[in-house]
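Just so we're aligned: 581 in the numbering used here is position 126 of the sequence shown, and the numbers increase by one with no gaps anywhere. No residue lacks a Cβ here, since even glycine has one placed at the ideal position from N, Cα and C. Comments concern the structure below.
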Amino acid sequence: MVVSVQTSITLIESVNRRPLTVSQMCSSIPYFHVQREHARVLTVQPGYIFMSTIQSVDPPAEAAAVAEQYYRRSRALTYLVGIIVVGSITLSFFLLPFLQWLLSAIIIFLGFRFPLFVTGGQTKLTTDKPPETVRAEFESSTPPVLPFYWGLANQIESTDSGGRYVIKYLRGLRSLEMAVECQPTSDDAADFRLVVTAGDSPWGSYQITITETDESDSSTRTTIDIDVEADRRFGLRRLPQQLMSNSYRPTAIEAQGYDVVAFESGISVRW
């Protein structure tokens, strides 16, 4: 049995040296819904209760606020596009013969749903932070370049190689589990890369190169070059969200103390 609680790590044994029953244990320990908190995992064995820590993480607040604003507006835009598509199909029903209407409706529906597009691009950032601080932030559970993942997550957990996110939608009825892992590169093209997965499916990768440059006033700045390659394909219904994200992502990155020098994002077709 596993129960999530918010309490200190302890080892409890019944006073009379008899095993605690499940009902006794549950009546004495409050239950807390875990969301962006330090959670404890409680394991029950005969006579003992063991608790170990699962470290949850709070994301940068300003960047998370930008991500939430993007999400609200992108969802509204997605619904608007859906209404326009449904309205067009309905209107064509009265203007076209039935077979032509049926054929056009099928084509529109498949084009709206079928995943044809992928994204990619390059981003260049600069900051006053030293290279070791920048690398630590990019290798953490909340990399600055991924604000639309951890910024929308209901739960963020730190792992040995990155982070894990749980994103709930449809009023909490469904959820998506994503993970980011920092991996070394096989060549000198980048210092390391961030690999993002959704469930067991690849989502995208980010090649990261960090360099320190000298300024004309004898100061130094850190430059971060990011090469983005997406594995996830999406259909026309997600296209408005992708286009809107290009307006919000630089703002979310700058909210974390980075200057966006260049931001290029492209959409291509992949069969």
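Host alpha helix (DSSP H) of residue i (start-end)
| i | result |
| --- | --- |
| R528 | 516-550 |
| W658 | First-last for W658: 656-669, but that is the beta strand (DSSP E), not the alpha helix (DSSP H). |
| R676 | That residue, R676, is in no alpha helix (DSSP H); its beta strand (DSSP E) goes 675-685. |
| L565 | 553-568 |
| Y713 | Where Y713 is concerned, there is no enclosing alpha helix (DSSP H), given that its DSSP letter is neither H nor E. |
Cα-Cα separation, residue i to residue j
| i | j | result |
| --- | --- | --- |
| L557 | L550 | 12 Å |
| F689 | V589 | 31 Å |
| R693 | E587 | 37 Å |
| S547 | F553 | 9 Å |
| F647 | D680 | 11 Å |
| S674 | A645 | 24 Å |
| G721 | Y534 | 23 Å |
| L631 | Y604 | 11 Å |
| R619 | V536 | 31 Å |
| A494 | D655 | Note that A494 has pLDDT 42, beneath the 50 cutoff, so the model's placement of it is unreliable and the number below is only indicative. Roughly 24 Å between the two C-alpha positions. |
| S478 | E612 | Note that S478 scores 38 on pLDDT, short of 50, meaning its location in the model is unreliable and no value can be drawn from it. |
| S511 | T597 | 11 Å |
| L607 | E517 | 12 Å |
| M633 | P599 | 16 Å |
| L565 | P515 | 39 Å |
| G575 | I562 | 27 Å |
| L532 | W726 | 26 Å |
| L649 | Q555 | 48 Å |
| I663 | T581 | 13 Å |
| G659 | C637 | 12 Å |
| S641 | V573 | 24 Å |
| T677 | K584 | 7 Å |
| R568 | R530 | 16 Å |
| P570 | D672 | 50 Å |
| S543 | L691 | 15 Å |
| K579 | R629 | 35 Å |
| A560 | D669 | 59 Å |
Identity of the residues DSSP links to residue i by a beta bridge
| i | result |
| --- | --- |
| F718 | T578 |
| V724 | F572 |
| T652 | A634, P657 |
| S511 | E612 |
In chain order, what are the residue ranges of uninterrupted beta strand (DSSP E) at least 3 long that sit wholly in the region 573-650? Complete beta strand (DSSP E) runs here, min 3: 610-614, 617-624, 629-639.
Counting pairs of beta carbons, one from the region 701-710 and one from the region 512-525, are three or more of them closer than 8 Å? Pairwise C-beta distances place the region 701-710 in contact with the region 512-525, as three or more of them are shorter than 8 Å.
Answer yes if the region 612-630 comes into contact with the region 710-724, meaning at least three C-beta pairs across the two stretches below 8 Å, and no otherwise. Contact check between the region 710-724 and the region 612-630: fewer than three CB pairs, one atom from each, fall below 8 Å, which does not count as touching.
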